[in-house]
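Quick mapping for you: the protein sequence lines, in order, are chains A and B. First residue of the first sequence: 196, per the working numbering; consecutive thereafter. First residue of the second sequence: 409, per the working numbering; consecutive thereafter.
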Amino acid sequence: DVKVTQSSRYLVKRTGEKVFLECVQDMDHENMFWYRQDPGLGLRLIYFSYDVKMKEKGDIPEGYSVSREKKERFSLILESASTNQTSMYLCASSPPGGYNSPLHFGNGTRLTVT
Amino acid sequence: KQEVTQIPAALSVPEGENLVLNCSFTDSAIYNLQWFRQDPGKGLTSLLLIQSSQREQTSGRLNASLDKSSGRSTLYIAASQPGDSATYLCAVTRYSGGGADGLTFGKGTHLIIQP
């Protein structure tokens, strides 16, 4: 079974801190994604990556950046955390050429910015 | 801009009933449509994926259909059980000329199956 692991289930950070959310997948998937999920707004795509060192902006990239130095790891970075970035963050991956392959999600990181 | 709508937002039915969840999308240029299940505080689990050239997919008690031209999909759950209680999300894989660029999700249907 594919495993997508997000390093933290819960995080509490202060406004202005630099925050790293880590995601690792163990199935050699090319494609990796970061979403945030908010009540009433659903899931929204922040960034995605189809290969090492490449990244593409999703629908709401402002205030975020990403890093993909190794194929199995995709990091989401909040350069200067703000309270409106309090949310559930979900990482996902899919195999190469995987437009028609289901996404595999991690269990999420619930981030609170105070 | 692709928009995905799910109706109803919430549904509560007695155990054993067959039920239908609805999903509609505004742009028919999709690679596929996926149905996910999400349990409280957890990530999403993929249930079914229907490619744009397909009409339906089945897995156990679940059957999903796709009518791309009308922008609609349904998820049919047969003989519902309390363990089916969860939020069900529909998502379409977007096509943007250069290729797929991620999923657009509906806001989900919160389903409760009463024992």
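Virtual Cβ for every residue (Gly too), placed ideally from N, Cα, C. Given the structure is predicted, the values throughout are model-derived calculations rather than measurements.
| Item | Value |
| --- | --- |
| contact_flag[the stretch 411-425 of chain B, the stretch 484-501 of chain B] where n(CB pairs < 8 angstroms) is 3 or more | yes |
| Stretch pair the stretch 225-234 of chain A + the stretch 284-301 of chain A: three plus CB contacts closer than 8 angstroms | yes |
| Under 8 angstroms between C-beta atoms of Glu-212 of chain A and Ser-202 of chain A | no |
| Residue span of the beta strand (DSSP E) that contains Ala-287 of chain A, given as start and end | 282-289 |
| DSSP state of Asp-233 of chain A mapped onto helix, strand, coil | strand |
| Under 9 angstroms by beta carbon: chain B residues contacting Leu-206 of chain A | Going along chain B, no residue has its Cβ under 9 angstroms from Leu-206 of chain A, so there is no contact; the nearest lies around 14 angstroms. |
| CB contact flag (Ser-244 of chain A, Arg-263 of chain A, <8 angstroms) | yes |
| Buried/exposed call for Gln-522 of chain B, threshold 16 Cβ in 10 Å | exposed |
| Own chain residues within Cβ distance below 6 angstroms of Asp-435 of chain B, not counting five before or after | Gln-410 |
| Straight-line gap, Tyr-439 of chain B to Ser-454 of chain B (C-alpha atoms, nearest Å) | 16 angstroms |
| Any chain B beta carbon closer than 8 angstroms to Gly-303 of chain A | yes |
| Alpha carbon of Tyr-484 of chain B to alpha carbon of Arg-469 of chain B, nearest angstrom | 8 angstroms |
| Whole-Å CB distance - Ser-296 of chain A paired with Thr-210 of chain A, under 8 angstroms assumed | That pair is no contact at about 39 angstroms. |
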